[in-house]
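Residues 1254 to 1499 in the working numbering are what the sequence shown spells out, letter by letter.
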Amino acid sequence: LFSSANLKNGGRPPLTYQSFVATAGEPPKPVMEKYSELPPIGDTGGYELLPVPKLEELGYGDLSQEYIPPFRGGETEALKRMRESLQDKEWVAKFEKPKGDPSAFLKPATTVLSPYLKFGCLSARYFYHCIQDVYRSTKTHTKPPVSLAGQLLWRDFFYTVSFGTPNFHQMEGNKICKQIPWRENGELFVAWRDGRTGYPWIDAIMIQLRKWGWMHHLARHSVACFLTRGDLVCMIYTIARCILFV
């Protein structure tokens, strides 16, 4: 939504959601110009241009034997999913993040647009302003931080904090991070990662992640708390060992 470098807050990143929203203001509108072809790459700095890898080179075998997740990739699918979600104006107007149902699988209780935003298949600004169009057509709607538009602001809030905080990605040398005596227990981590904790809810979520590559935000909260507050295994340890897994 915003360029983190352009958000002025006395040289420091806003560390609360409310201060971020007040500082950031309204996001700019997206560039709507469409291109018939991609612009030239330009100077590659001497780097060799590599071809698009084949699926086999990425570790995939016979896809006919693989479980196909219900979410297709790409911009076309992202726009289709966004429009379908925004068609239900009452749902958009009444959206409150804490009230979603993480056990709703066949029809997820949220937009499932986070991976499309993450991989650049959907413009966060375009999505935000499409939500605003829906709000203008309704009498009342929920407000940030719990509203649908508020979730996009949460996303940029954390991007901004990470941009302006040295060592944000780790505990050591991170002045806004609580220093916790984590333990590195590989056995507990592997059981959590593979869905073998013995807790059905946690195991079901991790299996869903492995098969779908996505889970509901409340489900993410559940498995993260289980690992970090229950097993006391550091999330940084987890991320480093989950890269190939997901």
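Even for Gly, the Cβ is constructed at its ideal location relative to N, Cα and C.
Run the CB neighbour count on M1459, radius 10 Å, all protein chains shown included, and call it buried at 16 or more, exposed below.
Here residue 1459 is taken as the residue at index 206 of the sequence shown, counted from 1. Its Cβ being crowded by 16 or more others within 10 Å, M1459 is buried.
Buried or exposed (CB count within 10 angstroms, at least 16 for buried), D1354:
For the purposes of this step, residue 1354 is identified with residue 101 of the sequence shown, where counting begins at 1. D1354 is classed as exposed because its beta carbon has fewer than 16 other beta carbons within 10 Å across all chains shown.
On the CB-based measure, 16 or more other CB atoms within 10 Å of its CB, does W1454 come out buried or exposed?
Taking the first residue of the sequence shown as position 1, residue 1454 is located at position 201. When all chains shown are included, W1454 counts as exposed.
Short Cβ contact (8 Å threshold) for S1390 with K1342:
On the sequence shown, position 137 is the one that residue 1390 refers to. On the sequence shown, position 89 is the one that residue 1342 refers to. For the 8 Å CB-CB criterion, S1390 and K1342 form a contact.
In the DSSP assignment, the alpha helix (DSSP H) including I1321 goes from what residue to what residue?
Stepping through the sequence shown from its first residue, residue 1321 is reached at position 68. Counting along the chain, no alpha helix (DSSP H) covers I1321, and no H or E run does either.
Tell me, to the nearest whole angstrom, how far the beta carbon of G1417 is from that of R1265; I am working on the premise that it is less than 8 Å.
Your numbering for residue 1417 matches position 164 in the sequence shown. Your numbering for residue 1265 matches position 12 in the sequence shown. Indeed, because the Cβ distance is near 7 Å, the residues count as touching under 8 Å.
Nearest-angstrom beta carbon gap, A1346 and V1387 [assumed within contact, 8 Å]:
Mapped onto the sequence shown, residue 1387 falls at position 134. Mapped onto the sequence shown, residue 1346 falls at position 93. Indeed they touch by this definition, with Cβ atoms about 7 Å apart.
Rounded Cβ spacing between Y1381 and P1267 (contact assumed at less than 8 Å)
In the sequence shown, counting from the first residue as 1, residue 1381 sits at position 128. In the sequence shown, counting from the first residue as 1, residue 1267 sits at position 14. Contact doesn't hold; Cβ gap of about 18 Å is too wide.
Classify H1422 as buried or exposed, calling it buried when 16 or more other Cβ atoms lie within 10 Å of its own Cβ.
Here the question's residue 1422 lines up with position 169 in the sequence shown. Per the 10 Å Cβ criterion, exposed.
Assuming contact is defined by CB atoms lying nearer than 8 Å, are D1456 and G1466 in contact in what I supplied?
For the purposes of this step, residue 1456 is identified with residue 203 of the sequence shown, where counting begins at 1. For the purposes of this step, residue 1466 is identified with residue 213 of the sequence shown, where counting begins at 1. Against a cut-off of 8 Å, the Cβ pair of G1466 and D1456 comes out as no contact.
By Cβ distance below 6 Å, which residues in the same chain neighbour D1409 in space, the five residues on each side in sequence not counted?
For the purposes of this step, residue 1409 is identified with residue 156 of the sequence shown, where counting begins at 1. Spatial neighbours of D1409 in its own chain (CB-CB distance under 6 Å, excluding positions within 5 residues in sequence) are listed in chain order as L1254 and F1255.
In whole angstroms, give me the CA-to-CA distance for L1302 and P1293.
Indexing the sequence shown from 1 puts residue 1302 at position 49. Indexing the sequence shown from 1 puts residue 1293 at position 40. Each residue's alpha carbon lies about 13 Å from the other.
So, are the CB atoms of V1272 and Y1412 less than 8 Å apart?
To locate residue 1272, count along the sequence shown from 1; it is residue 19. To locate residue 1412, count along the sequence shown from 1; it is residue 159. Going by the sequence as given, residue 1272 is Ser instead of Val. Between S1272 and Y1412, the CB-CB gap reaches or exceeds 8 Å.
What separation, rounded to the nearest whole angstrom, lies between the Cα atoms of T1393 and W1344?
On the sequence shown, position 140 is the one that residue 1393 refers to. On the sequence shown, position 91 is the one that residue 1344 refers to. So the two alpha carbons sit approximately 12 Å from each other.
Bounding residues of the alpha helix (DSSP H) (the contiguous stretch that carries V1345):
Mapped onto the sequence shown, residue 1345 falls at position 92. For V1345, the uninterrupted alpha helix (DSSP H) run begins and ends at K1342 to K1347, by DSSP.
Could you check where the alpha helix (DSSP H) with P1453 kicks off and where it finishes?
Along the sequence shown, one-based indexing puts residue 1453 at 200. P1453 to W1465 is the span of the alpha helix (DSSP H), which, as asked, contains P1453.
Relative to the C-alpha of R1325, which residue among E1290, L1366 and S1289 is closest?
Stepping through the sequence shown from its first residue, residue 1325 is reached at position 72. Ranking the options by Cα distance to R1325, first place goes to L1366.
Inspect the beta-carbon positions of L1405 and A1377 and report whether they are closer than 8 Å.
Taking the sequence shown and counting its residues from 1, one reaches residue 1405 at position 152. Taking the sequence shown and counting its residues from 1, one reaches residue 1377 at position 124. Cβ atoms of L1405 and A1377: closer than 8 Å.
Look at the alpha carbon of L1485 and the alpha carbon of G1299, and state the distance between them as a whole number of angstroms.
As a first step, residue 1485 must be located in the sequence shown, where it is residue number 232. As a first step, residue 1299 must be located in the sequence shown, where it is residue number 46. Taking the Cα positions, L1485 is about 46 Å away from G1299.
Return yes when the Cβ of W1445 is within less than 8 Å of the Cβ of L1480, no when it is not.
Within the sequence shown, numbered from 1, the residue matching residue 1480 stands at position 227. Within the sequence shown, numbered from 1, the residue matching residue 1445 stands at position 192. Note that the C-beta distance between L1480 and W1445 is below 8 Å.
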